[in-house]
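Chains as they are written, first to last, in our numbering: chain A, 28 to 234; chain B, 42 to 127.
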């Protein structure tokens, strides 16, 4: 049996942790919202400013997800996997990079022209060294990602998994991450498709 | 030179997305890499782009990089020596 011990959702300029709002900034466009959330959450990680918006979104979601806990003290770093998916891959940054090619292309932008870089940023921040995979699909396919995450846990490829969705294109964005693992904590729920759908839906109904 | 160094600090912050810093927090002789501002190899490429974009200077010999980008003052000295007048 595996358990979802925390979850985070960021959409419509609201950040929620385990269903509770931790930050909202209805007036800002996406770029400003992300920076304002970073400042509000009092995160000290200057590299945040250098990230593209997909990485900023995923990074913030992981920060909220893991707030107050040090994952590497709960599980060996090699046993924590990250499995994410989105719809637009790195298109938001790809388009910006293409624009920069009208002048001198930006090397700093180029390094973000792959969607899985967001996983790298999360792993660097939290010193995670387990398996990681990034899928691109039309919608957040809860059934598929839940099965994939569950198999990693059940087959022993990982003892904990950060799983979910992080998507950015222009002003459209959404992140939903959850932490599933072998350890049960107060408030945790069993990791299965119904509960992932419910957590995703419960937050949705309140926003 | 003082004015150029101030200009460079603003441009470095903008080019490298160092929004957590103000120009006043960057000393003229502070090391830019490793122990100083902690810039990395991608930042070095961005600094090369910055010199080309804003000052029309191309660095012909990459081995000069560490010397040129040691500090804001060393960049200013390089710009002063290599910028075309007029």
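All residues carry an ideal CB built from backbone N, CA and C; glycine is no exception.
Only a predicted model underlies this, so the values are computations on that prediction, with no experimental measurement involved.
As a quick exercise: from the options, pick the residue whose alpha carbon is nearest that of residue i.
i, options, result
"residue 207 (chain A)", "A:114, A:39, A:196 and A:220", "A:220"
"residue 125 (chain B)", "B:110, B:118, B:111 and B:98", "B:98"
"residue 79 (chain A)", "B:57, B:94, B:86 and B:118", "B:57"
"residue 49 (chain A)", "A:36, A:58 and A:226", "A:36"
"residue 8 (chain B)", "B:123, B:101, B:87 and B:111", "This structure leaves residue 8 (chain B) out entirely; chain B is present only between 42 and 127."
"residue 117 (chain A)", "A:139, A:107, A:130 and A:103", "A:139"
"residue 110 (chain A)", "A:144, A:162 and A:90", "A:162"
"residue 32 (chain A)", "A:191, A:77, A:217 and A:68", "A:217"
"residue 91 (chain A)", "A:29, A:184, A:99 and A:149", "A:149"
"residue 89 (chain A)", "A:106, A:100 and A:68", "A:68"
"residue 54 (chain B)", "B:123, B:73 and B:120", "B:73"
"residue 215 (chain A)", "A:145, A:45, A:72 and A:134", "A:45"
"residue 105 (chain A)", "A:196, A:126, A:180 and A:145", "A:180"
"residue 88 (chain B)", "B:42, B:113, B:44 and B:121", "B:113"
"residue 185 (chain A)", "A:157, A:173 and A:171", "A:157"
"residue 188 (chain A)", "A:107, A:136 and A:152", "A:107"
"residue 154 (chain A)", "A:102, A:174 and A:183", "A:102"
"residue 65 (chain B)", "B:84, B:109, B:85 and B:43", "B:43"
"residue 86 (chain B)", "A:173, A:136, A:152 and A:142", "A:136"
"residue 160 (chain A)", "A:34, A:73 and A:172", "A:172"
"residue 224 (chain A)", "A:56, A:95 and A:205", "A:205"
DSSP has residue i in a bridge; who is on the other side?
i, result
"residue 120 (chain A)", "In the DSSP output, where bridge partners are listed per residue, residue 120 (chain A) has none listed."
"residue 172 (chain A)", "Residue 172 (chain A) is not bridged to any residue."
"residue 43 (chain A)", "A:36 and A:48"
"residue 201 (chain A)", "A:194"
"residue 208 (chain A)", "A:30 and A:187"
"residue 108 (chain A)", "A:188"
For a test of the three-state rule: what should DSSP assign to residue i, helix, strand or coil?
i, result
"residue 67 (chain B)", "coil"
"residue 184 (chain A)", "coil"
"residue 30 (chain A)", "strand"
"residue 97 (chain B)", "coil"
"residue 63 (chain A)", "helix"
"residue 23 (chain A)", "For chain A, the structure presents residues 28 to 234; residue 23 (chain A) sits outside this window and is missing."
"residue 84 (chain B)", "helix"
"residue 69 (chain A)", "coil"
"residue 228 (chain A)", "helix"
"residue 151 (chain A)", "helix"
"residue 167 (chain A)", "coil"
"residue 50 (chain A)", "strand"
"residue 130 (chain A)", "coil"
"residue 75 (chain B)", "coil"
"residue 196 (chain A)", "strand"
"residue 113 (chain A)", "strand"
"residue 215 (chain A)", "coil"
"residue 189 (chain A)", "strand"
"residue 233 (chain A)", "Confidence at residue 233 (chain A) is low in this model, with a pLDDT of 35, below 50, so the placement of that residue should be treated as unreliable; the coordinate-derived value is given next. Here residue 233 (chain A) sits in helix by DSSP."
"residue 89 (chain B)", "helix"
"residue 58 (chain B)", "coil"
"residue 112 (chain B)", "coil"
"residue 78 (chain A)", "coil"
"residue 46 (chain B)", "helix"
"residue 223 (chain A)", "helix"
"residue 103 (chain B)", "helix"
"residue 52 (chain B)", "helix"
"residue 179 (chain A)", "helix"
Could you list which residues in chain E have their beta carbon closer than 7 Å to that of residue i, in chain order?
i, result
"residue 60 (chain B)", "Included in the structure are the protein chains A and B, with no chain E among them."
Original post:
Contact between the segment 102-122 of chain A and the segment 59-72 of chain A: three or more CB pairs below 8 Å?
Top reply: no
Original post:
Quick check: the segment 92-106 of chain B against the segment 75-83 of chain B, are there 3 or more CB pairs under 8 Å?
Top reply: no
Subject >> Residues of the segment 130-146 of chain A with Cβ closer than 9 Å to any Cβ of chain B, in chain order >> reply: 130, 131, 132, 133, 134, 135, 137 and 138
**OP:** Could you please tell me which residues of the segment 72-83 of chain A, in chain order, have their CB closer than 8 Å to any CB of chain B?
**Re:** 73, 76 and 77
**OP:** Mind the definition here: the segment 192-206 of chain A touches the segment 82-96 of chain A only if three or more C-beta pairs lie below 8 Å; say whether that holds.
**Re:** yes
Subject >> Contact residues within the segment 64-94 of chain B, judged by C-beta distance below 7 Å to chain A >> reply: 83, 86, 87, 90, 93 and 94
Subject >> Validate contact between the segment 124-138 of chain A and the segment 85-96 of chain B using beta carbons, cut 8 Å, 3 pairs >> reply: yes
Subject >> Three or more C-beta pairs below 8 Å linking the segment 183-193 of chain A and the segment 49-56 of chain B >> reply: no
Original post:
Do the segment 155-169 of chain A and the segment 98-113 of chain A make contact, defined as three or more Cβ pairs closer than 8 Å?
Top reply: yes
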